[in-house]
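S.K.: Going by our numbering, the first residue of the sequence shown is number 26, and it counts up by one from there. We put the CB at the ideal spot given by N, CA and C, even for glycine. What follows is a structure written as structure tokens; I'll ask about it next.
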Amino acid sequence: MITASEALDRLKEGNQRYTQDQLTHPNSDQDRRASQVGGQEPYAIILSCADSRVAPELIFDKGIGEIFVIRVAGNTANPSSMASIEYAVAHLKTPLIVVLGHQNCGACAAAIAGGDNGPNLNHLLGFINPAVESAGSDQVNDVVRENARLQATQLLADSAIIKDAAEQGNVQIVSAYYSLENGEVHFD
26 MITASEALDR
36 LKEGNQRYTQ
46 DQLTHPNSDQ
56 DRRASQVGGQ
66 EPYAIILSCA
76 DSRVAPELIF
86 DKGIGEIFVI
96 RVAGNTANPS
106 SMASIEYAVA
116 HLKTPLIVVL
126 GHQNCGACAA
136 AIAGGDNGPN
146 LNHLLGFINP
156 AVESAGSDQV
166 NDVVRENARL
176 QATQLLADSA
186 IIKDAAEQGN
196 VQIVSAYYSL
206 ENGEVHFD
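Take a look at the structure:
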């Protein structure tokens with residue numbers, strides 16, 4: 026098993042290949058698929074937005090079994106996404122959690138705009154509204170960055186499993202921001 030620091034380095038290296046159009050598409054052949062049938066050992070959990078322009082496997086140039094991806098609009102730490110993360114932390118022993126916000130996030134823009142978006146979307150935006158209030162700005166990308174930071178904090182506040190793993194040094198949580206313009210991921 027690798028450390029959180031090593032996992033973060035692997036993500037950064039993959040993102041560098043992505044931004045330089047030097048993708049290797051690792052671990053995606055028939056042998057890799059066969060090796061993963063009996064179980065998985067991802068070294069990073071990515072809580073990402075469901076936006077079609079944000080595909081963590083591509084952004085980090087990763088293949089089958091390397092990253093455990095949860096995608097939900099606004100990369101929100103809601104009960105369902107948190108349960109998936111808890112599973113990876115507790116059962117797969119994944120050492121790194123990345124909460125990945127992205128440039129021009131539509132969910133964050135909808136939270137800024139407010140209004141009645143129907144019960145389901147209003148519920149989702151309720152997880153983003155604290156970032157709108159604390160960002161100190163009504164600019165979408167400021168809210169995106171604040172939202173990623175707050176969602177990372179929320180994982181510790183609302184999950185005893187994640188909090189205990191972090192306190193024991195078994196998992197590290199970082200927030201990050203993905204630029205649609207140049208493909209770069211900036212980690213906080």
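Enumerated in chain order, which unbroken segments of the alpha helix (DSSP H) with a length of 4 residues or greater are wholly contained in the region 106-164?
M.R.: 131-138 and 144-159
S.K.: Could you tell me the boundaries of the beta strand (DSSP E) in which A69 lies?
M.R.: Per DSSP, the continuous beta strand (DSSP E) segment holding A69 begins and ends at A69 to S73.
S.K.: In chain order, which alpha helix (DSSP H) runs of at least 4 residues are fully inside the region 37-90?
M.R.: Whole alpha helix (DSSP H) segments, 4+ residues: 55-60 and 81-84.
S.K.: Around the C-beta of L205, are 16 or more other C-beta atoms found within 10 angstroms, so that it is buried, or is it exposed?
M.R.: When all chains shown are included, L205 counts as exposed.
S.K.: Per the DSSP calculation, R96 is bridged to which residue(s)?
M.R.: S73
S.K.: Rounded to whole angstroms, what's the CA-CA distance from L149 to G126? Just pull it up for me.
M.R.: If you draw a straight line from the Cα of L149 to the Cα of G126, it comes to about 15 angstroms.
S.K.: With distance defined between alpha-carbon atoms, name the residue in D163, H116 and Q128 nearest to A138.
M.R.: Across the set D163, H116 and Q128, the C-alpha of D163 shows the shortest separation from the C-alpha of A138.
S.K.: Exposed or buried, which one is S73 when buried takes at least 16 other CB atoms within 10 Å?
M.R.: buried
S.K.: Taking Cβ positions, are D86 and L48 nearer each other than 8 angstroms?
M.R.: Taking the C-beta atoms as reference points, L48 is found nearer than 8 angstroms to D86.
S.K.: So what does I198 bridge to, in DSSP terms?
M.R.: I122
S.K.: Going by DSSP, which residues form a beta bridge with V210?
M.R.: Y203
S.K.: Kindly confirm or deny that the region 157-175 and the region 131-145 touch, where touching means at least three C-beta pairs closer than 8 angstroms.
M.R.: Short answer: they touch.
S.K.: Among the residues of its own chain, which have a CB less than 6 angstroms from the CB of T18, if the five just before and after it don't count?
M.R.: The structure shown does not extend to residue 18, since the chain is modelled only from 26 through 213, so no value can be given for it.
S.K.: Excluding sequence positions up to five away, which residues of its chain have a Cβ less than 8 angstroms from the Cβ of P67?
M.R.: G90, E91, I92, F93, A113, L117 and T119
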